[in-house]
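Notes follow the structure.
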Amino acid sequence: MGTPLFVVATGARTPLGLHSAATAAAVRAAISSCSEHPFMVDLLGDPMAASMDAVLDARLNCNERMLAMAQTALQEATLPFAHTPAPPTIPLWLGLPEPRPGFSEQDAQQICQRLIRETELPVKIGDRCAFMAGHSAVLSLLDQVMDDMNQGKYNACIVGGVDSYFHPDTLQWLDQNRQLAGDRSRSGFVPGEGAGFCLLANLKGMQHFNNSTPMATISSTATAWESKLIKTQDINLGEGLTHTIRATVQGSAPSAPPINAVYCDINGERYRGEEWGFTCLKLAQYFDDPTGYCSPADCWGDMGAASGALFMVLATQAAQRGYAQGTRNLLWASSEQGLRAAALVETNITPTPFRG
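For the sequence shown, full-length UniProt numbering gives the first residue as 1, with consecutive numbering after it.
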(Lines of atoms letter the chains of each structure in order from A and count residues from 1; the text may use other names and numbers.)
(Lines give C-alpha, C1' and ligand atoms only; values in the text may rest on other atoms or scores of the structure.)
Protein backbone atom coordinates (compact mmCIF):
# COMPACT_ATOMS: atom_id res chain seq x y z
CA MET A 1 0.00 0.00 0.00
CA GLY A 2 1.49 3.33 -1.09
CA THR A 3 1.08 6.80 0.31
CA PRO A 4 -2.60 7.81 0.19
CA LEU A 5 -3.97 10.58 -1.99
CA PHE A 6 -6.13 13.34 -0.60
CA VAL A 7 -9.15 14.75 -2.42
CA VAL A 8 -8.96 18.51 -1.96
CA ALA A 9 -11.91 19.53 -4.13
CA THR A 10 -14.28 18.26 -6.80
CA GLY A 11 -16.11 19.76 -9.74
CA ALA A 12 -19.09 18.47 -11.66
CA ARG A 13 -21.50 19.32 -14.42
CA THR A 14 -24.25 16.88 -15.32
CA PRO A 15 -27.81 17.00 -16.67
CA LEU A 16 -28.88 17.17 -13.01
CA GLY A 17 -26.80 20.15 -11.94
CA LEU A 18 -24.08 22.63 -12.83
CA HIS A 19 -21.91 21.89 -9.79
CA SER A 20 -21.10 19.12 -7.33
CA ALA A 21 -23.64 19.92 -4.62
CA ALA A 22 -26.60 20.26 -6.98
CA THR A 23 -25.71 17.07 -8.83
CA ALA A 24 -25.35 15.01 -5.65
CA ALA A 25 -28.54 16.41 -4.15
CA ALA A 26 -30.50 15.46 -7.26
CA VAL A 27 -29.12 11.91 -7.23
CA ARG A 28 -29.94 11.59 -3.54
CA ALA A 29 -33.51 12.69 -4.27
CA ALA A 30 -33.71 10.17 -7.15
CA ILE A 31 -34.48 12.94 -9.63
CA SER A 32 -34.03 11.77 -13.19
CA SER A 33 -33.07 13.79 -16.25
CA CYS A 34 -33.63 10.82 -18.58
CA SER A 35 -36.04 11.81 -21.32
CA GLU A 36 -36.18 11.91 -25.13
CA HIS A 37 -33.87 13.60 -27.60
CA PRO A 38 -35.65 16.62 -29.11
CA PHE A 39 -35.01 15.58 -32.73
CA MET A 40 -32.93 12.36 -33.05
CA VAL A 41 -34.93 9.19 -33.79
CA ASP A 42 -33.91 5.53 -33.64
CA LEU A 43 -34.22 2.83 -36.30
CA LEU A 44 -37.89 2.37 -35.44
CA GLY A 45 -38.58 6.07 -35.90
CA ASP A 46 -39.10 6.68 -32.18
CA PRO A 47 -37.37 9.53 -30.31
CA MET A 48 -34.04 8.39 -28.90
CA ALA A 49 -33.62 8.17 -25.15
CA ALA A 50 -31.37 10.93 -23.84
CA SER A 51 -30.15 12.66 -20.71
CA MET A 52 -28.85 16.02 -21.87
CA ASP A 53 -27.29 19.09 -20.27
CA ALA A 54 -30.08 21.44 -19.23
CA VAL A 55 -28.33 24.59 -20.47
CA LEU A 56 -26.62 23.66 -23.74
CA ASP A 57 -28.48 23.97 -27.03
CA ALA A 58 -29.37 20.48 -28.26
CA ARG A 59 -27.98 21.40 -31.70
CA LEU A 60 -24.49 22.14 -30.35
CA ASN A 61 -21.98 19.62 -31.71
CA CYS A 62 -20.52 16.93 -29.47
CA ASN A 63 -17.00 18.34 -29.04
CA GLU A 64 -18.30 21.78 -28.10
CA ARG A 65 -20.65 20.18 -25.58
CA MET A 66 -17.80 18.28 -23.98
CA LEU A 67 -15.61 21.37 -23.84
CA ALA A 68 -18.31 23.52 -22.22
CA MET A 69 -19.10 20.93 -19.55
CA ALA A 70 -15.44 20.25 -18.82
CA GLN A 71 -14.71 23.97 -18.39
CA THR A 72 -17.44 24.38 -15.77
CA ALA A 73 -16.38 21.33 -13.77
CA LEU A 74 -12.66 22.15 -13.99
CA GLN A 75 -13.22 25.69 -12.74
CA GLU A 76 -15.10 24.37 -9.71
CA ALA A 77 -12.39 21.81 -8.90
CA THR A 78 -9.64 24.45 -8.97
CA LEU A 79 -11.40 26.95 -6.68
CA PRO A 80 -9.06 26.20 -3.72
CA PHE A 81 -6.21 27.75 -5.72
CA ALA A 82 -8.07 31.07 -5.75
CA HIS A 83 -6.95 31.54 -2.13
CA THR A 84 -3.38 30.36 -2.65
CA PRO A 85 -0.71 33.13 -2.84
CA ALA A 86 1.60 31.23 -5.19
CA PRO A 87 -0.26 28.35 -6.82
CA PRO A 88 2.03 25.70 -8.30
CA THR A 89 2.06 24.48 -11.88
CA ILE A 90 0.34 21.11 -11.80
CA PRO A 91 -0.47 18.37 -14.31
CA LEU A 92 -3.92 17.61 -15.69
CA TRP A 93 -4.98 14.07 -16.54
CA LEU A 94 -8.15 13.96 -18.63
CA GLY A 95 -10.22 10.82 -19.17
CA LEU A 96 -12.06 10.66 -22.49
CA PRO A 97 -14.20 8.16 -24.42
CA GLU A 98 -12.66 5.17 -26.09
CA PRO A 99 -12.32 5.56 -29.89
CA ARG A 100 -15.77 5.11 -31.41
CA PRO A 101 -17.87 6.42 -34.29
CA GLY A 102 -18.15 10.15 -33.72
CA PHE A 103 -15.06 10.43 -31.52
CA SER A 104 -11.47 10.00 -32.69
CA GLU A 105 -7.96 10.50 -31.29
CA GLN A 106 -7.88 13.85 -33.06
CA ASP A 107 -11.05 14.89 -31.21
CA ALA A 108 -9.47 13.85 -27.91
CA GLN A 109 -6.32 15.90 -28.45
CA GLN A 110 -8.33 18.90 -29.60
CA ILE A 111 -10.56 18.88 -26.53
CA CYS A 112 -7.61 18.52 -24.15
CA GLN A 113 -5.69 21.36 -25.78
CA ARG A 114 -8.67 23.70 -25.97
CA LEU A 115 -9.69 22.96 -22.39
CA ILE A 116 -6.35 24.22 -21.11
CA ARG A 117 -6.06 27.10 -23.57
CA GLU A 118 -9.60 28.48 -23.30
CA THR A 119 -10.46 27.97 -19.61
CA GLU A 120 -9.75 30.71 -17.07
CA LEU A 121 -8.15 29.00 -14.08
CA PRO A 122 -6.43 30.20 -10.88
CA VAL A 123 -3.60 27.72 -11.48
CA LYS A 124 -1.19 26.96 -14.31
CA ILE A 125 -1.44 23.59 -16.03
CA GLY A 126 1.86 21.87 -16.82
CA ASP A 127 1.90 18.35 -18.19
CA ARG A 128 -1.34 17.09 -19.63
CA CYS A 129 -2.61 13.73 -20.85
CA ALA A 130 -5.71 12.77 -22.83
CA PHE A 131 -6.49 9.17 -21.86
CA MET A 132 -9.07 7.53 -24.13
CA ALA A 133 -10.28 4.69 -21.92
CA GLY A 134 -14.01 5.26 -21.49
CA HIS A 135 -15.80 4.42 -18.24
CA SER A 136 -12.64 3.28 -16.44
CA ALA A 137 -10.51 6.24 -17.53
CA VAL A 138 -10.62 8.38 -14.39
CA LEU A 139 -10.25 5.54 -11.89
CA SER A 140 -7.39 4.13 -13.95
CA LEU A 141 -5.72 7.54 -13.92
CA LEU A 142 -6.01 7.60 -10.12
CA ASP A 143 -3.98 4.41 -10.08
CA GLN A 144 -1.32 6.05 -12.25
CA VAL A 145 -1.31 9.24 -10.18
CA MET A 146 -0.82 7.28 -6.97
CA ASP A 147 2.25 5.62 -8.48
CA ASP A 148 3.58 8.96 -9.74
CA MET A 149 3.19 10.68 -6.38
CA ASN A 150 4.81 7.77 -4.57
CA GLN A 151 7.79 8.30 -6.88
CA GLY A 152 7.85 12.04 -6.10
CA LYS A 153 7.05 13.20 -9.65
CA TYR A 154 4.61 15.83 -8.36
CA ASN A 155 2.65 16.62 -5.19
CA ALA A 156 -0.68 17.80 -6.60
CA CYS A 157 -2.64 17.26 -9.79
CA ILE A 158 -6.07 17.39 -11.38
CA VAL A 159 -7.78 14.25 -12.64
CA GLY A 160 -11.09 14.27 -14.43
CA GLY A 161 -13.19 13.06 -17.29
CA VAL A 162 -15.76 14.28 -19.77
CA ASP A 163 -18.08 12.51 -22.18
CA SER A 164 -21.08 13.08 -24.40
CA TYR A 165 -22.82 10.53 -26.58
CA PHE A 166 -24.64 13.19 -28.57
CA HIS A 167 -22.94 12.86 -31.92
CA PRO A 168 -25.18 11.43 -34.69
CA ASP A 169 -22.62 8.74 -35.56
CA THR A 170 -22.29 7.70 -31.92
CA LEU A 171 -26.04 7.47 -31.38
CA GLN A 172 -26.48 5.49 -34.60
CA TRP A 173 -23.70 3.12 -33.51
CA LEU A 174 -25.41 2.54 -30.15
CA ASP A 175 -28.73 1.93 -31.88
CA GLN A 176 -27.27 -0.53 -34.37
CA ASN A 177 -25.64 -2.48 -31.52
CA ARG A 178 -28.91 -2.52 -29.55
CA GLN A 179 -27.31 -0.59 -26.71
CA LEU A 180 -29.71 2.32 -26.87
CA ALA A 181 -32.60 2.14 -24.42
CA GLY A 182 -35.83 1.61 -26.32
CA ASP A 183 -38.10 -0.98 -27.88
CA ARG A 184 -35.27 -2.51 -29.94
CA SER A 185 -33.16 -3.39 -26.92
CA ARG A 186 -33.91 -5.49 -23.85
CA SER A 187 -30.88 -4.15 -21.99
CA GLY A 188 -29.92 -0.80 -23.43
CA PHE A 189 -28.95 2.38 -21.60
CA VAL A 190 -29.86 6.05 -21.71
CA PRO A 191 -26.95 8.01 -23.22
CA GLY A 192 -25.90 10.94 -21.11
CA GLU A 193 -23.24 13.62 -20.93
CA GLY A 194 -21.27 15.27 -18.19
CA ALA A 195 -17.92 16.16 -16.71
CA GLY A 196 -16.22 15.68 -13.37
CA PHE A 197 -12.84 16.65 -11.90
CA CYS A 198 -10.93 16.02 -8.67
CA LEU A 199 -8.11 18.11 -7.26
CA LEU A 200 -5.69 15.68 -5.61
CA ALA A 201 -2.63 16.09 -3.40
CA ASN A 202 -0.30 14.04 -1.27
CA LEU A 203 0.74 15.03 2.25
CA LYS A 204 3.36 17.48 0.97
CA GLY A 205 0.96 18.91 -1.59
CA MET A 206 -1.60 19.68 1.12
CA GLN A 207 0.73 22.46 2.29
CA HIS A 208 -0.43 24.50 -0.71
CA PHE A 209 -3.89 24.52 0.88
CA ASN A 210 -2.75 25.47 4.41
CA ASN A 211 -3.11 21.82 5.43
CA SER A 212 -6.89 22.15 5.29
CA THR A 213 -9.01 19.07 5.93
CA PRO A 214 -9.36 17.04 2.72
CA MET A 215 -12.74 15.88 1.48
CA ALA A 216 -11.60 12.26 1.27
CA THR A 217 -8.61 9.95 1.19
CA ILE A 218 -7.93 7.56 -1.68
CA SER A 219 -6.24 4.72 0.15
CA SER A 220 -5.96 2.10 -2.58
CA THR A 221 -6.45 1.70 -6.34
CA ALA A 222 -6.09 -1.09 -8.89
CA THR A 223 -6.67 -1.91 -12.55
CA ALA A 224 -6.96 -5.10 -14.60
CA TRP A 225 -8.17 -6.28 -18.00
CA GLU A 226 -11.20 -8.37 -18.89
CA SER A 227 -10.85 -10.60 -21.96
CA LYS A 228 -14.56 -11.52 -22.26
CA LEU A 229 -15.83 -8.32 -23.86
CA ILE A 230 -19.29 -6.94 -24.39
CA LYS A 231 -20.80 -7.41 -27.86
CA THR A 232 -19.03 -10.77 -28.27
CA GLN A 233 -20.18 -14.37 -27.79
CA ASP A 234 -17.88 -14.82 -24.78
CA ILE A 235 -19.45 -15.23 -21.34
CA ASN A 236 -18.16 -12.71 -18.84
CA LEU A 237 -17.72 -14.25 -15.38
CA GLY A 238 -16.34 -11.05 -13.89
CA GLU A 239 -12.74 -12.24 -13.77
CA GLY A 240 -11.20 -8.87 -14.60
CA LEU A 241 -13.44 -6.93 -12.23
CA THR A 242 -12.93 -9.49 -9.45
CA HIS A 243 -9.16 -9.19 -9.79
CA THR A 244 -9.40 -5.39 -9.74
CA ILE A 245 -11.60 -5.14 -6.68
CA ARG A 246 -9.75 -7.83 -4.76
CA ALA A 247 -6.48 -5.98 -5.35
CA THR A 248 -8.10 -2.71 -4.28
CA VAL A 249 -9.59 -3.92 -1.01
CA GLN A 250 -6.55 -6.01 -0.11
CA GLY A 251 -4.42 -2.92 -0.65
CA SER A 252 -5.93 -1.38 2.48
CA ALA A 253 -5.11 -2.31 6.07
CA PRO A 254 -5.61 -6.04 6.83
CA SER A 255 -7.87 -5.28 9.80
CA ALA A 256 -9.95 -2.72 7.91
CA PRO A 257 -13.74 -2.80 8.39
CA PRO A 258 -16.04 -3.78 5.51
CA ILE A 259 -16.89 -1.46 2.65
CA ASN A 260 -20.03 0.54 3.36
CA ALA A 261 -20.96 1.95 -0.05
CA VAL A 262 -20.38 1.04 -3.68
CA TYR A 263 -20.60 3.47 -6.61
CA CYS A 264 -20.52 1.93 -10.08
CA ASP A 265 -21.43 2.31 -13.75
CA ILE A 266 -24.13 -0.37 -14.00
CA ASN A 267 -26.43 1.23 -16.55
CA GLY A 268 -29.12 -1.25 -17.55
CA GLU A 269 -26.97 -3.42 -19.79
CA ARG A 270 -27.23 -7.09 -18.85
CA TYR A 271 -23.49 -7.55 -19.37
CA ARG A 272 -22.59 -5.07 -16.63
CA GLY A 273 -25.14 -6.35 -14.15
CA GLU A 274 -24.03 -9.95 -14.56
CA GLU A 275 -20.38 -8.94 -14.25
CA TRP A 276 -21.03 -7.40 -10.84
CA GLY A 277 -23.18 -10.37 -9.84
CA PHE A 278 -20.34 -12.82 -10.42
CA THR A 279 -17.94 -10.49 -8.62
CA CYS A 280 -20.25 -10.29 -5.61
CA LEU A 281 -20.36 -14.07 -5.33
CA LYS A 282 -16.59 -14.15 -4.98
CA LEU A 283 -15.98 -11.07 -2.83
CA ALA A 284 -19.12 -10.62 -0.72
CA GLN A 285 -17.12 -10.89 2.52
CA TYR A 286 -15.55 -7.48 1.91
CA PHE A 287 -18.87 -5.57 1.89
CA ASP A 288 -21.66 -4.63 4.24
CA ASP A 289 -24.04 -5.32 1.35
CA PRO A 290 -22.62 -5.79 -2.17
CA THR A 291 -26.14 -5.63 -3.63
CA GLY A 292 -26.80 -2.20 -2.13
CA TYR A 293 -24.76 -0.34 -4.72
CA CYS A 294 -25.39 3.13 -6.12
CA SER A 295 -25.64 3.15 -9.91
CA PRO A 296 -26.81 6.67 -10.77
CA ALA A 297 -27.28 5.99 -14.50
CA ASP A 298 -31.03 5.86 -13.86
CA CYS A 299 -30.78 9.49 -12.74
CA TRP A 300 -28.27 11.11 -15.12
CA GLY A 301 -27.88 8.52 -17.90
CA ASP A 302 -24.62 6.81 -18.78
CA MET A 303 -21.75 9.20 -18.02
CA GLY A 304 -19.06 7.27 -19.90
CA ALA A 305 -15.57 8.67 -19.30
CA ALA A 306 -16.82 11.10 -16.64
CA SER A 307 -18.09 8.25 -14.43
CA GLY A 308 -15.18 7.84 -12.00
CA ALA A 309 -14.88 11.51 -11.12
CA LEU A 310 -18.63 11.86 -10.68
CA PHE A 311 -18.69 8.85 -8.35
CA MET A 312 -16.10 10.69 -6.27
CA VAL A 313 -18.43 13.70 -6.19
CA LEU A 314 -21.29 11.56 -4.87
CA ALA A 315 -19.14 9.89 -2.20
CA THR A 316 -17.62 13.13 -0.91
CA GLN A 317 -20.88 15.07 -0.93
CA ALA A 318 -22.63 12.27 0.98
CA ALA A 319 -19.95 12.41 3.66
CA GLN A 320 -19.86 16.19 3.91
CA ARG A 321 -23.65 16.44 4.22
CA GLY A 322 -23.98 13.57 6.67
CA TYR A 323 -26.07 11.06 4.72
CA ALA A 324 -23.28 8.63 3.79
CA GLN A 325 -23.79 4.96 4.64
CA GLY A 326 -20.33 4.80 6.21
CA THR A 327 -16.76 5.94 5.83
CA ARG A 328 -15.47 3.34 3.33
CA ASN A 329 -16.52 3.67 -0.31
CA LEU A 330 -15.62 1.55 -3.32
CA LEU A 331 -15.74 3.15 -6.76
CA TRP A 332 -15.47 0.90 -9.82
CA ALA A 333 -16.00 1.10 -13.56
CA SER A 334 -15.79 -1.12 -16.64
CA SER A 335 -14.77 -0.01 -20.13
CA GLU A 336 -16.01 -1.67 -23.31
CA GLN A 337 -12.51 -2.57 -24.50
CA GLY A 338 -11.76 -4.47 -21.29
CA LEU A 339 -10.13 -2.07 -18.83
CA ARG A 340 -11.39 -2.41 -15.26
CA ALA A 341 -10.51 0.06 -12.51
CA ALA A 342 -11.44 0.63 -8.88
CA ALA A 343 -10.57 2.91 -5.98
CA LEU A 344 -11.13 2.68 -2.24
CA VAL A 345 -12.14 6.08 -0.88
CA GLU A 346 -12.34 6.85 2.83
CA THR A 347 -14.29 9.81 4.15
CA ASN A 348 -15.19 11.42 7.46
CA ILE A 349 -18.93 11.76 7.88
CA THR A 350 -20.02 15.20 9.04
CA PRO A 351 -22.63 14.82 11.83
CA THR A 352 -26.02 16.26 10.90
CA PRO A 353 -29.57 15.90 12.26
CA PHE A 354 -30.82 15.52 8.68
CA ARG A 355 -28.96 12.31 7.89
CA GLY A 356 -31.17 9.86 6.02
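A virtual CB, placed ideally from N, CA and C, is assigned to each residue, including glycine.
CA-to-CA distance, ARG328 to GLU346, given in whole angstroms: Position 346 of the sequence shown holds residue 346. Position 328 of the sequence shown holds residue 328. The straight-line gap from Cα to Cα measures roughly 5 angstroms.
According to DSSP, simplified to helix, strand and coil, what is TYR286? In the sequence shown, counting from the first residue as 1, residue 286 sits at position 286. TYR286 falls in the helix class under three-state DSSP.
DSSP three-state assignment for CYS280, whether helix, strand or coil: Here residue 280 refers to the residue found at position 280 of the sequence shown. Three-state DSSP puts CYS280 in a helix.
Please report the distance separating the alpha-carbon of PRO105 from that of ILE111. Numbered from 1 along the sequence shown, position 105 holds the residue referred to as residue 105. Numbered from 1 along the sequence shown, position 111 holds the residue referred to as residue 111. The sequence given here has Glu at residue 105, not Pro. Answer to the nearest angstrom: the Cα atoms are 10 angstroms apart.
So, at 8 angstroms on beta carbons, what are the nonlocal neighbours of ILE90 in its own chain, with the 5 sequence-adjacent residues on each side left out? Within the sequence shown, the letter at position 90 stands for residue 90. Within the same chain, ILE90 has close Cβ partners VAL123, LYS124, ILE125, GLY126, TYR154, ALA156, CYS157, ILE158.
Per DSSP, cross-strand counterpart(s) of ILE90: Position 90 of the sequence shown holds residue 90. The partner list for ILE90 (beta bridge, DSSP) reads ILE125.
In whole angstroms, what is the alpha-carbon distance linking PRO4 and LEU344? Taking the first residue of the sequence shown as position 1, residue 4 is located at position 4. Taking the first residue of the sequence shown as position 1, residue 344 is located at position 344. Roughly 10 angstroms between the two C-alpha positions.
DSSP puts TYR263 in a beta bridge; with which residues? Indexing the sequence shown from 1 puts residue 263 at position 263. Per DSSP, CYS294, LEU331.
State the beta-bridge partners of VAL41 as determined by DSSP. Counting from 1 along the sequence shown, the entry for residue 41 is found at position 41. Beta-bridge pairing links VAL41 to PRO47.
Any contact of the stretch 311-318 with the stretch 41-55, i.e. 3+ C-beta pairs under 8 angstroms? no
Could you have a look at CYS62 and say whether DSSP puts it in helix, strand or coil? As a position in the sequence shown, residue 62 is number 62, starting the count at 1. If DSSP states are grouped into helix, strand and coil, CYS62 belongs with the helices.
If you drop the 5 nearest sequence neighbours on each side, which residues of the same chain put their C-beta closer than 6 angstroms to that of GLU275? As a first step, residue 275 must be located in the sequence shown, where it is residue number 275. ASN236, GLY238, LEU241, listed in sequence order.
Contacts around TYR165, its chain only, beta-carbon distance under 6 angstroms, and the 5 residues preceding and following it disregarded: For this step, residue 165 is matched to residue 165 along the sequence shown. For TYR165, where only same-chain residues beyond five positions count, the Cβ hits under 6 angstroms are PRO191.
Quick check: what's the CA-CA separation for ASN150 versus ASP143? Here residue 150 refers to the residue found at position 150 of the sequence shown. Here residue 143 refers to the residue found at position 143 of the sequence shown. The straight-line gap from Cα to Cα measures roughly 11 angstroms.
Rounded C-alpha distance that separates SER20 from GLY11: For this step, residue 20 is matched to residue 20 along the sequence shown. For this step, residue 11 is matched to residue 11 along the sequence shown. Going from the Cα of SER20 to the Cα of GLY11 covers about 6 angstroms.
Run through DSSP, which three-state label would MET52 get? Here the question's residue 52 lines up with position 52 in the sequence shown. Coil.
Reference ALA195; option with closest CA among PHE103, SER185, PRO99, GLY95: Within the sequence shown, the letter at position 195 stands for residue 195. Comparing Cα-Cα distances from ALA195 to each of PHE103, SER185, PRO99, GLY95, the minimum goes to GLY95.
First and last residue of the alpha helix (DSSP H) that includes ALA25? The residue you call residue 25 lines up with position 25 of the sequence shown. Note, ALA25: alpha helix (DSSP H), 20-28.
Residue range of the beta strand (DSSP E) that VAL219 falls in? Here residue 219 refers to the residue found at position 219 when the sequence shown is read from its first residue. Before going further, note that residue 219 is Ser rather than Val in the sequence given. SER219 -> beta strand (DSSP E) spans 216-225.
Measure the C-alpha to C-alpha separation of GLY17 and THR23 and round it to an integer number of angstroms. In the sequence shown, residue 17 corresponds to position 17, counting from 1. In the sequence shown, residue 23 corresponds to position 23, counting from 1. Answer to the nearest angstrom: the Cα atoms are 5 angstroms apart.
Own chain, CB closer than 8 angstroms to ARG114, minus 5 neighbours either side, in chain order: For the purposes of this step, residue 114 is identified with residue 114 of the sequence shown, where counting begins at 1. Excluding sequence neighbours, ARG114 sits near LEU67.
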